[in-house]
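For reference, the structure discussed in these notes is given below.
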Amino acid sequence: MDFVEIQMGRPAHDRVVDLELNKTDLARIPAQQARQAADRGVRVSASQPNELLALVFLRGHSGIESARVREAIARCIDRTAIVNFILQKEGEPAGGLLPQWSSGTAFLFRTETDTRTAKEIWSQISPSPKLVLGYDSADTLEQSVAERIVVNAKEAGISLVSRAMTASGKGNQYGESPKPVESRSGQFEGPTRGTAVLFDARLVRLRMPSPLPRISLSAFIDRLGPIAGIVDSPVPQSASPEDVYYCERGIMNSGLVVPIVWMPQVYGLSARVRDWKQPAAGETWPLADVWLDSADSH
Amino acid sequence: MTFRSKLFVNFMLALLLSVGLVTAGVTVATRRAFDELNRQHTDALVEQFQREFERRGHDVLNRVQGIAEAEPTVRMAIDLSRPNADISVYVNDAHGVAQSHQLDFLDFVGTEGSIISSAEWSARFGYKMEWVTQKEDWATRGSFLMKLDTQDGPAVALMAVAAVRVGDKDLYVVGGERLGKEFLASLVLPENMRALLYLNLDSPFQPANLIDSAGPAVEAERFEPIIQLERTHPGPLTEKINWTFDAASAEIFHAIPKLGRQNELLAVLLIGNSQRTVVTLQRHILWLAIGVAVIGILFGLFLSWWAAARVTLPVRRLAAGAREVSDGNWNTRVAVRGNDEIGQLAQSFNRMTQELVDQRERLIQAERVAAWREVARRLAHELKNPLFPLQTTVENLQRASTQNPDQFEEVFRESTGILLAEIENLKTIVGRFSDFAKMPQPELGPVDLNEVVRNVVKLFEAQFCAVGRPPITPELHLGDNLPTIQADTTLLHRAIENLILNAMDAMPAGGILMMRTTQNDGNVDFEISDTGVGLTREEADRIFTPYYTTKQHGTGLGLAIVQAIVADHSGRISVESEMGVGTAFHVELPIKPPHPQTTPVVVEEVHEKKVEV
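This is how it looks when you write it as structure tokens:
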């Protein structure tokens with residue numbers, strides 16, 4: 000190998016096409032396109048689910064202060080359908096802030112849909128608020144998930160609409176949009192130019208910075224704190240797995256964050272790539288051991 | 000108003016009435032014809048629109064059936080018919096298929112009614128669309144209207160369903176077009192027509208649900224009565240909406256209710272037909288009719304004026320002739336044309352004036368003869384008295400010369416004295432007649448009538464109190480500030496003198512002689528009245544006739560002279576009398592006579608006389 004050429008900012012669709020046409024050897028592809036890419040002959044390598052897509056209620060929203068509102072919405076979300084249909088089975092429903100493979104306690108958080116209970120809870124809320132769920136307009140996955148949540152909420156009788164928040168660029172390493180996040184007291188520009196939309200909640204991508212649950216949870220708290228108004232102190236370095244669980248449970252009990260799905264990092268590989276290993280959470284691409292088989296050179 | 004003007008006005012009224020009725024009739028008939036034509040035109044267009052709507056339904060059905068019969072759809076149906084089939088791989092298929100077939104809605108629905116893939120609302124996968132699996136033969140059902148839930152809220156769409164059966168399982172293809180502004184914009188409508196659509200999505204009328212091809216309809220609330228009627232009694236309905244006070248802004252809307260599968264009202268199509276062209280054409284015709292009417296009226300005006308002038312010409316000639324006759328020109332004749340009523344009237348008029356002239360000639364002749372007879376009688380009477388002594392005296396002289404010559408000298412002396420006296424008497428009589436015949440022309444100058452009256456009265460003061468006769472008491476009531484008049488002082492003096500003498504003769508037993516002067520409307524009036532024996536009606540009628548007198552030794556010229564003087568001053572004189580009470584003469588003299596008049600013939604003076612007894 001004489002050199003490695005890296006292209007940044009290439010659209011996901013083009014990356015998949017490049018893999019199909021053998022124009023590239025390695026490309027990260029969206030999880031929801033992994034199955035389709037594999038059906039078209041692309042070698043797909045998926046990591047452990049290490050990116051959380053969660054619904055976060057924004058700080059200062061009066062209507063969301065009602066825990067029953069948050070609980071109704073959390074119960075109506077059909078996570079399995081999102082994984083199966085939107086993510087094309089590349090992921091798993093999320094009940095907590097940490098994945099099962101990392102914390103081992105994820106099974107203690109519920110992921111089942113309970114539309115009937117959600118409907119009952121919502122019917123007890125008077126007056127019932129009209130909620131707005133925001134998503135990153137540049138993120139088609141967020142849009143699809145947001146629209147599905149709206150459908151779930153509608154089924155439960157909850158008045159919820161989805162709106163794009165802004166045409167932002169790529170997220171940071173935690174999957175967050177670089178745009179400032181404002182609470183209900185502030186205003187975001189909606190999809191229609193000049194139309195001011197007040198958001199009650201938004202979808203947030205949270206990528207684990209480390210396989211260690213304590214570090215990831217601390218990072219998540221740091222990121223979610225300004226958005227949702229979570230005031231929990233960072234998890235101490237000496238915290239045991241039990242302490243991490245209780246901290247996670249405390250955040251989940253507040254209802255301010257509703258985990259939806261865990262998604263893996265999916266890479267497409269050309270046929271000549273050899274010895275590719277999925278990078279662990281927080282690690283960079285392990286290209287040192289990778290080599291290309293000249294017999295399959297294009 | 001002249002007869003010609005009246006005739007002209009009548010002609011014009013008749014003309015205006017006729018033109019107005021004709022114009023109104025033409026306008027009403029035209030409007031009805033246009034309304035009928037417009038109705039037929041609109042009915043045809045509505046029918047055309049209905050066919051277009053049905054064609055769109057067939058088009059949707061064909062596209063849905065085309066998708067159902069396509070190879071990918073059949074493969075999907077085969078795949079889904081397998082046990083434990085993974086439907087998640089098809090979750091995004093509907094979107095692309097819908098785009099390629101230009102459908103707003105497309106859902107692939109499994110045999111259990113679950114949505115496999117939804118083009119319009121992709122997030123609805125997995126949810127049930129139970130109505131699709133109900134017992135219905137979709138192959139023969141055709142297209143239908145349906146209310147759907149979308150991401151943006153409820154909508155109405157023209158839908159069709161096609162089923163793909165594999166084994167005992169069905170894959171339903173549900174597709175359709177949204178009834179919205181795009182649908183309306185795609186309709187081909189003639190000029191002056193537009194289509195609006197009310198989506199019956201909410202219970203009360205919502206103006207936002209009424210749209211046209213550009214979006215929400217303007218002034219949608221104006222359609223609320225139509226929509227409410229359609230909601231209560233769905234059926235074809237025609238209503239007119241006047242957008243402004245200008246009738247050209249009106250639109251006739253034909254409401255066509257669109258029902259769903261359960262005959263529920265889902266939408267109301269409103270086909271609007273602008274009345275601008277029709278109203279403009281009607282106005283054009285109306286203005287044309289008004290223009291023709293105005294020209295007709297103007298032409299009629301001219302013809303009426305001409306006809307009135309022509310018809311009334313003989314009448315005006317008759318009227319002019321009548322005025323000539325009234326002015327004394329009895330020889331007036333009018334031209335006779337034709338033998339109609341006017342011609343007969345003209346002939347009668349001419350005969351009448353001819354008869355008047357003849358009668359006047361005869362009357363003048365008779366008056367002349369009567370006057371000459373009166374003159375002869377008066378002359379004979381006046382001359383007979385002096386002639387008898389003359390004859391007797393001459394006979395005495397003849398007898399004295401033959402029978403008593405010695406006394407002839409004495410008889411001759413006495414007789415010549417008598418003869419001279421009687422001859423002097425004859426000369427006096429002749430002189431009086433001569434004076435009347437030689438009445439001088441008045442020489443006008445400023446005259447104070449009160450002063451004249453006082454001077455005349457002063458001359459008679461001695462006679463009023465003469466010894467041996469009953470006294471006469473004069474009473475003067477002379478008006479203050481009496482204006483001077485233009486008159487001849489001498490003649491006025493003479494006239495008043497004659498009137499006073501006449502009054503004194505009428506009061507042999509004495510009495511009161513009253514004289515009064517007043518001013519009245521440009522005239523100065525003089526009245527003299529006595530308390531004498533009065534006159535009979537016949538005497539009063541003839542009192543101003545020359546040579547007529549009621550006195551034993553009068554000449555009958557005094558009052559005739561007075562009347563002549565008054566007439567020469569353009570004045571009038573009249574007499575009022577009552578037997579045993581007295582007589583009053585009223586003289587009206589103009590302050591400024593137009594011009595001195597010569598004394599007319601005696602007969603005419605008689606006619607001007609006003610007699611009140």
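In order, the protein sequence lines correspond to chains A and B.
The first sequence begins at 0 in numbering that gives the first Met the number 0 and counts up by one.
The second sequence begins at 0 in numbering that gives the first Met the number 0 and counts up by one.
The C-beta atom is built at its ideal place from N, Cα and C for all residues, glycine as well.
Below 8 Å between beta carbons: does that hold for residue i and residue j?
i, j, result
"B:L613", "B:K146", "For chain B, the structure presents residues 0 to 612; residue 613 of chain B sits outside this window and is missing."
"A:L223", "A:L52", "no"
"B:M506", "B:T535", "no"
"B:L481", "B:Q518", "yes"
"A:R27", "A:Y266", "yes"
"A:G94", "A:P258", "yes"
"B:I542", "B:L498", "no"
"A:L291", "A:R271", "yes"
"B:D106", "B:V173", "yes"
"B:R177", "B:F252", "no"
"A:A137", "A:I72", "no"
"B:T472", "B:D529", "no"
"A:I124", "A:S65", "yes"
"A:E70", "A:G254", "yes"
Just to make sure I have the definition right: I need the residues of chain A whose C-beta is within less than 8 Å of the C-beta of residue i. Which are they?
i, result
"B:Q150", "E146, V149"
"B:S87", "N83, F84, Q87, K88"
Do you know whose CA, among the options, lies nearest residue i's CA?
i, options, result
"B:V163", "B:L477, B:V63, B:G509, B:E381", "B:V63"
"A:D135", "A:G8, A:S215, A:T79, A:M164", "A:M164"
"B:R55", "B:A156, B:D487, B:T72", "B:A156"
"A:F108", "A:V289, A:N252, A:R271", "A:N252"
"A:L205", "A:G156, A:L197, A:I220", "A:I220"
"B:V310", "B:G320, B:L297, B:G327, B:G342", "B:G342"
"A:A33", "A:T23, A:A45, A:Q142", "A:A45"
"B:T26", "B:L178, B:H380, B:R282, B:R372", "B:R282"
"B:T488", "B:W371, B:G467, B:V446", "B:V446"
"B:I270", "B:Q205, B:V335, B:T243, B:L186", "B:L186"
"B:K383", "B:Q353, B:S347, B:V429", "B:V429"
"B:P388", "B:D405, B:L12, B:G416, B:A292", "B:G416"
"B:P469", "B:E450, B:L512, B:L477", "B:L512"
"B:T516", "B:N449, B:P256, B:V410", "B:N449"
"A:P29", "A:Y245, A:Q87, A:S65", "A:Q87"
"A:G156", "A:C75, A:Q277, A:N49, A:Y244", "A:C75"
"A:S237", "A:I214, A:D77, A:A227", "A:I214"
"B:N83", "B:H94, B:G109, B:P71", "B:G109"
"B:V278", "B:N241, B:A508, B:I296, B:V314", "B:N241"
"A:S101", "A:A279, A:T23, A:D288", "A:A279"
"B:I255", "B:T41, B:V18, B:E360", "B:T41"
"B:S117", "B:A93, B:Q133, B:A420, B:H585", "B:A93"
"B:G510", "B:F463, B:F525, B:V452", "B:F463"
"A:L159", "A:F56, A:R9, A:N21", "A:F56"
"B:E135", "B:K127, B:Q261, B:A306", "B:Q261"
Kindly list, in the order they appear in chain A, the residues whose Cβ is closer than 9 Å to that of residue i.
i, result
"B:V45", "Under the 9 Å cutoff, chain A gives no residues; its nearest Cβ is about 38 Å from B:V45."
"B:Y126", "V150, E154"
"B:V90", "N83, F84, I85, Q87"
Could you name the residues of chain B that residue i contacts, counting a contact when the two beta carbons are closer than 8 Å?
i, result
"A:S143", "S121, A122"
- Report the residues of the segment 81–101 of chain A with a CB closer than 8 Å to any CB of chain B, ordered along the chain. N83, F84, I85, Q87, K88
- Item | Members of the segment 94–122 of chain B that neighbour chain A once the beta carbon cut-off is set at 8 Å | Answer in chain order: W120, S121, A122.
- Which ranges does the beta strand (DSSP E) cover as unbroken runs of at least 3 residues, wholly within the segment 459–508 of chain B, from first to last along the chain? 471–477, 484–486
- Task: Jot down the residue ranges of each uninterrupted alpha helix (DSSP H) in the segment 192–243 of chain A, minimum 4 residues, whole runs only, in chain order.
- Result: 212–227
- Could you pull out every unbroken beta strand (DSSP E) segment of at least 3 residues lying fully inside the segment 106–164 of chain A, listed in chain order? 130–134, 159–163
- Quick one: complete beta strand (DSSP E) runs, 3+ long, within the segment 246–279 of chain A? 256–268
- Item | Ranges of the alpha helix (DSSP H) found wholly within the segment 125–192 of chain B, counting only runs of at least 4 | Fully enclosed alpha helix (DSSP H) runs of 4 or longer: 137–140, 180–185.
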